[in-house]
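Structure record follows, encoded as C-alpha cells.
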Amino acid sequence: MPRPLTLHPDRLLPNEPAVRGIARELHASVADLPIVSPHGHTDPAWFATNAPFGNATELLLVPDHYLFRMLYSQGIRLEDLGISGHEADPRAAWRILAENYHLFRGTPSRIWLDWVFAEAFGIDVQLDSETADHYYDTITEKLATEAFRPRALFDRYNIEVIATTEGPLDTLDHHRAIAASDWGGRVITAYRPDPVVDPEFEGFADNLARLSQVSGEDCSHWAGYLAAHRAMRAVFKAAGATSTDHGHPTARTADLPAGEAQALFDRVKGGNASAADAELFRAQMLTEMAAMSVEDGLVMQIHPGSFRNHNATLFERFGRDKGADIPTRTDYVHALKPLLDRFGAERDLSIILFTLDESAYARELAPLAGHYPCLRLGPAWWFHDSPEGMRRFRLMTTETAGFYNTVGFNDDTRAFLSIPARHDVARRIDCGFLAQLVAEHRIEDWEAAELARELAYDLAKRAYRL
Amino acid sequence: MPRPLTLHPDRLLPNEPAVRGIARELHASVADLPIVSPHGHTDPAWFATNAPFGNATELLLVPDHYLFRMLYSQGIRLEDLGISGHEADPRAAWRILAENYHLFRGTPSRIWLDWVFAEAFGIDVQLDSETADHYYDTITEKLATEAFRPRALFDRYNIEVIATTEGPLDTLDHHRAIAASDWGGRVITAYRPDPVVDPEFEGFADNLARLSQVSGEDCSHWAGYLAAHRAMRAVFKAAGATSTDHGHPTARTADLPAGEAQALFDRVKGGNASAADAELFRAQMLTEMAAMSVEDGLVMQIHPGSFRNHNATLFERFGRDKGADIPTRTDYVHALKPLLDRFGAERDLSIILFTLDESAYARELAPLAGHYPCLRLGPAWWFHDSPEGMRRFRLMTTETAGFYNTVGFNDDTRAFLSIPARHDVARRIDCGFLAQLVAEHRIEDWEAAELARELAYDLAKRAYRL
Amino acid sequence: MPRPLTLHPDRLLPNEPAVRGIARELHASVADLPIVSPHGHTDPAWFATNAPFGNATELLLVPDHYLFRMLYSQGIRLEDLGISGHEADPRAAWRILAENYHLFRGTPSRIWLDWVFAEAFGIDVQLDSETADHYYDTITEKLATEAFRPRALFDRYNIEVIATTEGPLDTLDHHRAIAASDWGGRVITAYRPDPVVDPEFEGFADNLARLSQVSGEDCSHWAGYLAAHRAMRAVFKAAGATSTDHGHPTARTADLPAGEAQALFDRVKGGNASAADAELFRAQMLTEMAAMSVEDGLVMQIHPGSFRNHNATLFERFGRDKGADIPTRTDYVHALKPLLDRFGAERDLSIILFTLDESAYARELAPLAGHYPCLRLGPAWWFHDSPEGMRRFRLMTTETAGFYNTVGFNDDTRAFLSIPARHDVARRIDCGFLAQLVAEHRIEDWEAAELARELAYDLAKRAYRL
C-alpha cells in the first residue's frame, strides 16, 4: 500500500499559530508572482530546440550533483547511476534513487523533489522501492508529451526571465535561436570568463588561443587580452546579458600597476603558472572586470570559496563537477580591498557577493554591503540553499545590511524542473522571517508585505538590471 | 493620513504564549532598574555645560554612523547629510533620512529610533517622507526646552552611572567640571590609550611628545613612556575611571624581555614603524597594561578585530570613523596566551573581552572565560548589538561560560538619546532567553528572576567595579 | 525550607504545544532503548574490580573538569577542591560546589547533575548551601551499597556496550579481567596511540622504548615502529576494540613518500622534534593509521582542534587535563586531502570526524561527509555537547550530510554516573529537531520515528561496527 504524497499548504512556515497566520498571508501575496531567475545553469539548448527531455533518470538524477553526491557518500557507485557517460540502465539507476530516498530526509533535495513529483508530474504517492517503477514510467511518459517540452514548462512555471551562464568561447547560438524564434520566453546569458581568466583551468593556454579567434583580438599580449574581454562582453550584452559571473577559489582582488599586470600575464599565458601567479592573476582580473563593468554596466557576481574537484580519484575518472566541491574559509575584508580602493566609490558599479562561508555573513559581508554603495549580497548559496541556510542568511545579515542591500533570491541550478520549488522554499522562508519581525512588533504588517514582494521579485530585477 | 507609531509592550519577547508569559514577568521585574552604562562614547561636554542639543539632524543623524552608513550604502552622498563639517541644510538631511527610513527595517537602528521618537519625544506617527517636517520641528523644538537638556535627560533616563572614553591627552576638564557642579549625575571616564599605544595612529610621534607634556614623564625612552602611562592612569582613576579600553586590530599580546621591549619602543617611537613592529608593540602594550591593572586595579577592556577606515576614498575625504570599519576574523587562543601566561593566575586582574567575530563565541571566548579567573565576556558588540546578535551571544556562550562570566550589558554608543532603548532591547532579549530556559525546565522561575537582575544591573556593576 | 528537585517529563522538548506533542511521542519511542556508548573515558578498573565508588566529591567533582573549570573561573582555588592529589576535605569541597551551584545555570552540567541527583540517587531537593551536607551524606552512603557498584549501575543504566580509551602501552588487564568474569557487561577498549604518535607528548622517546617492549617490535626504525602499531592494534582488536581514536591539535594529514616518512621518523624519534616536524609526523601518522584501518577494519576517530593545557601556570602545578584545553580554528578541507587522495575511494574505510570549531559544520564537514563514502560526522563534541550545541549540529549538518552520514550520539565522558543523562539530553534534542521537521511538513511522522531510533541507537552501532 503506497503512502500518499501531498504538499501541505503550510509547509516551511513558522509553527507558532499566530506567527504562522501572519506568514500565511504574506506568502499568499507573493506565491503567484512571476519567477525571476537571474543566475543559473540551465541549458539554453533546451529552449532553443524545445526537444523533449529524456527519461526520469536522465532529467532528474544524472545532472543533479546534490543527488548523486549523497548516494555516493553512502557507498553507491557513480557508474551504477550512469554518471558522465558511464552506461547504466536508467530504470535501474532510478530504482537505486528510490531505494535510498530516505537518505534525503531533512535535506532541501527532498523538498525540491517532492514538489517536482507532486506539482510538476501530479504523482500522489511517496517515492520508495515499491513505487520506483510507477514513478519512472509516469515521469518518462509525461516527458514525451507537449506539455513537458522545455518552453511549455517555462511558460507554465511563470518564468519572467532566466539567465544561463556561458563562457567567452561559447557561440551563443542557442540564445540567438531563441531570440529569433516566435516563442516569447526571455532566456538571457551571463558572461562567465573563468576558462580564460583562471590560469589553472584545464586547457587555459588553448582557451586563450580560441579567445583570440572568437574575439578577433590578439590574446598573446595583455592589451589584446583585455580587448578580447571587452569585445566578448559586448557580444554577450548584445545577446541579452546583464551580468558577469566569477567563480574563484578565493575573493582575492589585486590592483597592480599596468606594467606588473602585463608581466604577470606574460608569465601565466602559457598555462604553466605557479599557484601564486595564478591566484594573483585571478585577483587582478576581478579588478579588471570591475573596470569593464564601470564602462559597460554589466552587474558583477563573485562566487568565491569553493575548493573544486576535491576528490582526486573521482576527478580522474569522471572529470569536473561531480559533487566533490568543498567550501573553504573565505576572507572578504582584506581580499576585496584592492578592488574597493579603486572602485568602491563608483556609484554605477554593482557587485553581488556570494559566500560558502557563513561565518562571513555577520562579520564581513553584511558590514561591507551595509556600507559600500557598489556591494550587494547574493542569497544563501549552494550548500546553504536550504530552509536552515536561508534562515541563517536573514538572521545574520539583516541587522547590519538590512533587506535592501540583498538581492532577493536566485536559484543557481541546472535542475530546471525544480526551479519553482526553490523559489517556493525561498518565499516561504522569507515570509516566515518577516512574520517573525511582525510578531515581535519590529515592523508593521504593511511593511512586511512590501518586503515580501521585494524579496520575492523586485530586488532581483533591480539588482540584476533586468 | 500618517500611520500611528506605538511601542508594543511585548515587543521582542518570545512569540509562544507560555514562554512570552514567563518573559513578561521577568521583564517587568527589571524594566525599571537604573541604567549602568560602563562603556560608551557620549561627550562629557554635554553634562559639563548642560547646553541644549541642536536640531534633530545634528543630534540624531550626524553622529550616528549606523544611520549614515546605511544611507551611504544605497548611494546617498555623505555631503548631503552634513557629515564631517560638510555644509548641508539639516532639514533637507532629515528629509533624506525620512524618505529612506524603510532601509532600516529589520535593523536595530529602527528599534532604537522608534523608541527615541515615541518615548523620548512623544511622537505618535511613523517617520516617512510625509511626516519628516513634523518630526524635524517637534524634535528640534523640544530640544530647546529645559526637559531636554543633557542633565535632565540623564536624570529622566534613570542613569546611575555612565562612563565616557578619553585618551591620555585629554584634559578631563569636563569631568572635573561635572564633579565640581551641584548636579549629582555620575559621569566617569575610561582610559583609552590607543593614540599613544598604536604606532599606526595618526600623529603617533606627536602624541608621544604631548604625552610627555601632560604626564611630566619623558616619553622618549621606554621607562619614561611606561611611567607616563602609570601617571595618566592615576589621573584618570582620580577622575573616577574604573577601567581602561583598548581597540586593537587584533587580540595579539606579547611578553618580550625588557631589553627587547625597549628596543622595540625605540624603533616605533618616531612614528615610522613597520607593520610588524606596530603589531608587536600593540601586543606588548596589552601585557604592559595588564601589569599596570594588577597594580592599580583598573578593569581592562579589549575590543579587537575591527579593520578601521576600510574605505580609502571616504577616509581621504571625511577622515576616521565614517561607518567604514569592517570586522575581521579574530584569534584569541594563541593571541592572548603571552598575556595569560604571565598574568592568567592573578586573581585581582579583570579583563573584559569583546569580539566582532562571532565564530569565536563558542569556540574560543566561552571556553577561555569559562576557565581563566581574570577573563569575562563583554556583551554582543557593535554590529552584533541587535536582537539577533544578543540571542546568538547567549546561545553560544552560556553553555560553556555560564552567565556569571559575562558582564551583563553595555551600550557602547555615542547616541545618548537611545541609551535606554538599547538597554531595553538587551533586557527584553535576555528575559526572553531566560524564559526559554524556564520553559524547557532547565532552571526554576526564581533563578531566572535572579539572573534577569544580574544581567540587567548587577553583573555590570561588579565587573566594572562601580 | 529546601526547594524541591524534580525532572519535568517535557524538559528540553520544544515549547510550541503542537511540536512538543510530536516530540513527546518520538521521545517516548526511544527513551528506553539501550545505551550504546562507543567513545568515552570511563575507567575499566571500575568494571574489572567492581569496587565501590568513594564519596560524592571523589566521584562527581574531582574527575569532572566541566565542574572545576567553572569554579576555577570564578576565583575558587583547585587546591580547595582536592584536584590532582592536593589534599582537601571532601565534604568542604562539596560545600564549595553547592554554594556555587548557581554558576551552572544554563549549562549542560546543571542538566546532567540534576539528573544524577534525582534519578541516580533519588534526591528530591535542590543543591544549595543548605542542602550540601544532605547531598554529601546521601550520595556517599548510597555509594557504599551494592546497588551503586559499577557493574550494578552499568546494568541498571541499560548500557549495551561501552568503549573505554587506552594507549598502546596499556596492558588491557582490566578488559581481560572483565572478559574472564562471570559478569555479562560489554566493556571494550579503543586504540588511542597519541602518546606514541605525537612527538610533543610528554615522554615521547621513552614511550617509544616501552612500545618496543610491549609490542616486541623494534621501534628504533620506521618499519619496526609501524609494525608495532600493527601488532598493538591486533592486540586491542582481540580485546574487543572496534575503533581507534586520534586527538591531534589539527586535522592535518600527510602522505609522504616512504623515504621521507622514514627520515621524518628518524628526526622525531629522539623526542626533540621541531614543532613543524612534530606536526608533519602526526599528519603522516593519520594516513598510516588509515592504511592500517583499511587492513584491519578498525573504525578511525579523529578529534582535532584542541589547544591542550593552555594555562601555563596550572599545567606546571597540576599537570594535564585540568580544564584548560581551548578549541582553535580548524581546517578540514586542505588538511584531510592527502589522506583522502590516497584512501578516499576505499569503501571499507570508516573515519568519524569530530570538531570543536562549529564554523566547519556547514562549510566543511557536512560537505565532506555528504560526499566521501569513508567519512561520517561524530556528534557535537565537548564544549558543544549541550542542548544548544546539539541543535546547532543538526541545524548545520543535516541539510548537506543528511542524518545517515552522522553517527548518532556518543557521550565522551569520564563521568560515568551521568552517561544516561547525556543520552537523555541527546535523545530529547534530536526528537525535538525531528518534531520540527514533521511540524514543517518536511518529513512524515513515521519517518521521524525511524530516524529517532537511528539517532538514538542504530547509527552508533553501525558506525562503530558494534
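Residue numbers (the working numbering), protein chains in the order written: chain E, 1 to 466; chain H, 467 to 932; chain C, 933 to 1398. All residues carry an ideal CB built from backbone N, CA and C; glycine is no exception.
So Leu-471 of chain E packs on Ala-448 of chain E, CB below 8 Å; how close in whole Å?
Residue 471 of chain E lies beyond the range of chain E shown here (1 to 466); nothing can be said about it.
Please list the residues of the region 533-555 of chain H that have a C-beta atom closer than 7 Å to any C-beta atom in chain B, keeping them in chain order.
The displayed structure is made up of protein chains E, H and C, and chain B is not among them.
In terms of DSSP beta bridges, what is Pro-793 of chain H paired with?
Position 327 of the second sequence, counted from the first residue, corresponds to residue 793 of chain H. Note: Pro-793 of chain H sits in a beta bridge opposite H:Ser-772.
Taking contact to mean 3 or more Cβ pairs, one atom from each stretch, closer than 8 Å, check whether the region 1211-1221 of chain C and the region 1267-1276 of chain C are in contact.
Taking 8 Å as the limit for Cβ pairs, the verdict is that the region 1267-1276 of chain C does touch the region 1211-1221 of chain C.
Do Met-1002 of chain C and Gly-844 of chain H have their beta-carbon atoms positioned less than 8 Å apart in this structure?
Walking along the second sequence from the start, residue 844 of chain H turns up at place 378. Walking along the third sequence from the start, residue 1002 of chain C turns up at place 70. Cβ distance not < 8 Å, so Gly-844 of chain H and Met-1002 of chain C don't count as in contact.
Can you list, in chain order, the residues of its chain whose CB lies under 6 Å from that of Trp-649 of chain H, leaving out five sequence neighbours each side?
Counted from its first residue, the second sequence places residue 649 of chain H at position 183. These residues qualify, in order along the chain: Arg-617.
Residues in the same chain with beta-carbon distance under 8 Å from Ala-744 of chain H, minus the five sequence neighbours each way, listed in chain order, please.
In the second sequence, residue 744 of chain H corresponds to position 278, counting from 1. Excluding residues within five positions, the ones whose Cβ falls inside 8 Å are Asp-664, Pro-665, Glu-666 and Val-734.
Should Asp-64 of chain E be labelled buried (16 or more other beta-carbon atoms within 10 Å of its own) or exposed?
Here residue 64 of chain E corresponds to residue number 64 of the first sequence, with the count starting at 1. The residue is buried, with at least 16 neighbouring Cβ atoms inside 10 Å.
If we call anything under 8 Å between Cβ atoms a contact, is Arg-652 of chain H one with Val-765 of chain H?
Residue numbering aside, residue 652 of chain H sits at position 186 when the second sequence is read from its first letter. Residue numbering aside, residue 765 of chain H sits at position 299 when the second sequence is read from its first letter. Contact: no.
Three or more beta-carbon pairs under 8 Å between the region 406-413 of chain E and the region 566-577 of chain H, yes or no?
No, because fewer than three Cβ pairs between the region 406-413 of chain E and the region 566-577 of chain H fall closer than 8 Å, the two stretches do not touch.
Thr-355 of chain E: first and last residue of the uninterrupted beta strand (DSSP E) it sits in:
In the first sequence, counting from the first residue as 1, residue 355 of chain E sits at position 355. Thr-355 of chain E -> no beta strand (DSSP E), and no H or E assigned at all.
How would you call His-940 of chain C, buried or exposed, if buried means at least 16 neighbouring beta carbons within 10 angstroms?
Counting from 1 along the third sequence, the entry for residue 940 of chain C is found at position 8. Label assigned to His-940 of chain C: exposed.
So is Ser-1291 of chain C buried or exposed if we call it buried at 16+ other beta carbons inside 10 Å?
The residue given as residue 1291 of chain C occupies position 359 in the third sequence. The Cβ neighbour count for Ser-1291 of chain C, taken over all protein chains shown within 10 Å, is at least 16; the residue is labelled buried.
Range covered by the alpha helix (DSSP H) that runs through Asp-896 of chain H
As a working note, residue 896 of chain H is residue 430 in the second sequence. 885-905 is the extent of the alpha helix (DSSP H) around Asp-896 of chain H.
For His-41 of chain E, which of E:Leu-208, E:Tyr-457, E:Arg-427 and E:Thr-413 has the nearest alpha-carbon?
Reading the first sequence from its first residue, position 41 is the one you call residue 41 of chain E. Ranking E:Leu-208, E:Tyr-457, E:Arg-427 and E:Thr-413 by Cα distance to His-41 of chain E puts E:Thr-413 first.
Residues of the region 1273-1301 of chain C with a CB closer than 9 Å to any CB of chain H: list them in chain order, please.
Here the close residues are Leu-1288, Asp-1289, Glu-1290 and Ser-1291.
Delimiting residues of the alpha helix (DSSP H) encompassing His-959 of chain C:
The residue labelled residue 959 of chain C in the question sits at position 27 within the third sequence. Element bounds for His-959 of chain C: 949-962.
Please state the DSSP three-state secondary structure of Thr-400 of chain E.
Walking along the first sequence from the start, residue 400 of chain E turns up at place 400. DSSP places Thr-400 of chain E in helix when its eight states are reduced to three.
Please classify Ala-705 of chain H as buried or exposed, where buried requires at least 16 neighbouring CB atoms within 10 angstroms.
In the second sequence, residue 705 of chain H corresponds to position 239, counting from 1. Burial call: buried.
Of the listed residues E:Leu-451, E:Met-292 and E:Ile-419, nearest to Tyr-157 of chain E (C-alpha basis)
Position 157 of the first sequence, counting from 1, holds the residue named residue 157 of chain E. Of E:Leu-451, E:Met-292 and E:Ile-419, the residue nearest in Cα terms is E:Ile-419.
6 Å Cβ shell around Cys-897 of chain H - same chain, five flanking residues per side excluded
Counting from 1 along the second sequence, the entry for residue 897 of chain H is found at position 431. Excluding sequence neighbours, Cys-897 of chain H sits near Ala-489, Leu-492, His-493 and Ala-918.
Helix, strand or coil: how does DSSP classify Val-36 of chain E here?
Numbered from its first residue, the first sequence carries residue 36 of chain E at position 36. When DSSP states are grouped into helix, strand and coil, Val-36 of chain E belongs to the strand group.
Are Thr-637 of chain H and Thr-655 of chain H closer than 8 Å when you measure CB to CB?
As a working note, residue 637 of chain H is residue 171 in the second sequence. As a working note, residue 655 of chain H is residue 189 in the second sequence. In this structure, the beta-carbon distance from Thr-637 of chain H to Thr-655 of chain H does not fall below 8 Å.
Distance, Pro-770 of chain H Cα to Ile-817 of chain H Cα
In the second sequence, counting from the first residue as 1, residue 817 of chain H sits at position 351. In the second sequence, counting from the first residue as 1, residue 770 of chain H sits at position 304. Taking the straight line from one Cα to the other gives about 13 Å.
Using CA coordinates, which residue listed in H:Leu-883, H:Phe-809 and H:Thr-753 is at the minimum distance from Leu-619 of chain H?
In the second sequence, counting from the first residue as 1, residue 619 of chain H sits at position 153. Checked all of H:Leu-883, H:Phe-809 and H:Thr-753; the closest Cα to Leu-619 of chain H is H:Leu-883.
Beta-carbon spacing of Leu-349 of chain E, Val-294 of chain E below 8 Å
Position 349 of the first sequence, counting from 1, holds the residue named residue 349 of chain E. Position 294 of the first sequence, counting from 1, holds the residue named residue 294 of chain E. For Leu-349 of chain E and Val-294 of chain E, yes; Cβs fall inside 8 Å.
Count the C-beta pairs between the region 776-786 of chain H and the region 979-994 of chain C that are closer than 8 Å, then say yes if the count reaches three, no if not.
Short answer: they don't touch.
Report all residues from its chain with a CB closer than 8 Å to the CB of Ile-792 of chain H; omit the five preceding and five following residues, and keep chain order.
In the second sequence, residue 792 of chain H corresponds to position 326, counting from 1. Cβ-Cβ distances below 8 Å link Ile-792 of chain H to Ser-772, Phe-773 and His-776 in the same chain, with the five nearest sequence neighbours on each side left out; the list follows chain order.
Tell me which residues of the region 296-325 of chain E have at least one Cβ-Cβ distance to chain C shorter than 7 Å, keeping chain order.
Within the region 296-325 of chain E, the residues whose Cβ lies closer than 7 Å to some Cβ of chain C are Phe-307, His-310, Asn-311, Ala-312, Thr-313, Gly-323 and Ala-324, listed in chain order.
Pick from C:Leu-1075, C:Trp-1026, C:Trp-1047 and C:Arg-1295 that is closest to Thr-1063 of chain C, judged by C-alpha positions:
Here residue 1063 of chain C corresponds to residue number 131 of the third sequence, with the count starting at 1. Thr-1063 of chain C has its Cα closest to that of C:Trp-1026, out of C:Leu-1075, C:Trp-1026, C:Trp-1047 and C:Arg-1295.
Less than 8 Å between the beta carbons of Arg-1165 of chain C and Leu-1101 of chain C, yes or no?
Numbered from 1 along the third sequence, position 233 holds the residue referred to as residue 1165 of chain C. Numbered from 1 along the third sequence, position 169 holds the residue referred to as residue 1101 of chain C. Not closer than 8 Å, so no.
Would DSSP call Thr-406 of chain E helix, strand or coil?
Stepping through the first sequence from its first residue, residue 406 of chain E is reached at position 406. In this structure, DSSP gives Thr-406 of chain E an extended state, which the three-state scheme calls strand.
Quick check: the region 496-503 of chain H against the region 847-865 of chain H, are there 3 or more CB pairs under 8 Å?
Too few Cβ pairs lie closer than 8 Å, so no.
Mapping DSSP to helix, strand and coil, what is Thr-1103 of chain C?
Mapped onto the third sequence, residue 1103 of chain C falls at position 171. Coil.
Can you say whether Thr-606 of chain H is buried or exposed, counting buried as having 16 or more other CB atoms within 10 angstroms of its CB?
Walking along the second sequence from the start, residue 606 of chain H turns up at place 140. Result: buried.
Asn-871 of chain H: contacting residues in chain C (beta-carbon distance under 9 Å)
Within the second sequence, numbered from 1, the residue matching residue 871 of chain H stands at position 405. By Cβ distance, chain C contributes Met-1002, Ser-1005, Gln-1006 and Leu-1035.
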